[in-house]
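First the structure, in the form of structure tokens, and then the observations on it.
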Amino acid sequence: MVMRETLDGFHGGLQIGGRIITNLRYADDIILLATLEAELQEFVYRVDRVSRKCSLLINVYKTKVLVSDGIACCILIRNELLEHVSTFPYHGSLITEDGECTTEFPTRLNRGLAIGASQQKIWKSHSIPISTKMRLMKTLVWPSNVRL
């Protein structure tokens with residue numbers, strides 16, 4: 004409801020694959036996409052205005068700004084400057100301003116290894132066949148491009 008009203012008459016966004024994408028939503032998280040600072044400021048203002056009409060408030064301290072060209076921009080909500088960050092964790096992925104995911108690989112591998120190590124009871128069990136253990140290892144721990 005909030006985003007539908009916010010987007011009514013808004014002509015910004017980012018062109019990806021021939022389509023204009025203005026936002027990404029998951030549960031109560033929203034990523035706003037814009038190509039210009041003024042466009043993003045207008046978008047943030049619209050979201051804040053419509054949200055307040057519905058008695059919803061944007062937490063200024065949890066809201067971050069990440070730009071892909073490395074140039075800091077000044078985005079305000081209710082006259083408070085939003086924090087500018089160079090990386091942002093979002094649902095298990097690390098989004099960076101340069102679009103690279105090189106820091107993402109070691110993070111995910113370490114997470115997988117930690118999961119594997121935490122399952123010692125399964126790995127040591129004599130009642131679970133080796134084939135099942137191998138399937139679990141491939142599914143839970145190893146990246147999808149590693150094959151045996």
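If you count by this note's numbering, then the sequence shown holds residues 4 to 151, one letter each, in order.
Every residue gets a Cβ at the ideal spot worked out from N, C-alpha and C, and that includes glycine.
Closer than 7 Å by C-beta to residue i: which residues in its own chain qualify, once you throw out the five before and the five after it? Chain order, please.
| i | result |
| --- | --- |
| T9 | R49, V50, V53 |
| T66 | I80, L85 |
Could you check the C-alpha separation between residue i and residue j for me, to the nearest Å?
| i | j | result |
| --- | --- | --- |
| E86 | T142 | 38 Å |
| D2 | T99 | In the structure as shown, the chain starts at 4 and stops at 151, and residue 2 therefore has no counterpart that could be examined. |
| Q18 | S71 | 14 Å |
| E103 | H129 | 43 Å |
| G15 | V5 | 17 Å |
| F91 | T25 | 18 Å |
| G21 | F13 | 18 Å |
| T38 | L112 | 33 Å |
| M137 | I118 | 14 Å |
| R7 | R55 | 14 Å |
Assuming residue i contacts residue j under a Cβ cut-off of 8 Å, what Cβ separation, rounded to an integer in Å, is found between them?
| i | j | result |
| --- | --- | --- |
| L35 | V47 | 7 Å |
| V68 | I78 | 5 Å |
Let me know the secondary structure DSSP gives residue i once reduced to three states.
| i | result |
| --- | --- |
| I125 | helix |
| I118 | helix |
| I133 | helix |
Which residues in the same chain as residue i place their Cβ atom closer than 6 Å to its Cβ, once the five residues preceding and following it in sequence are excluded?
| i | result |
| --- | --- |
| V63 | I80, E83 |
| Q44 | I78 |
| S89 | E100 |
Short of 8 Å in beta carbon distance, which residues of its chain neighbour residue i, apart from the five on each side in sequence? Order them along the chain.
| i | result |
| --- | --- |
| Y29 | H94 |
I'd like to confirm something about residue i: is its beta-carbon nearer than 8 Å to some heavy atom of the ligand GDP, or not?
| i | result |
| --- | --- |
| E86 | Looking for the ligand GDP in the displayed structure turns up nothing, as the structure carries no ligands at all. |
Segments assigned alpha helix (DSSP H), at least 4 residues, entirely inside the region 30 to 109: 40 to 56
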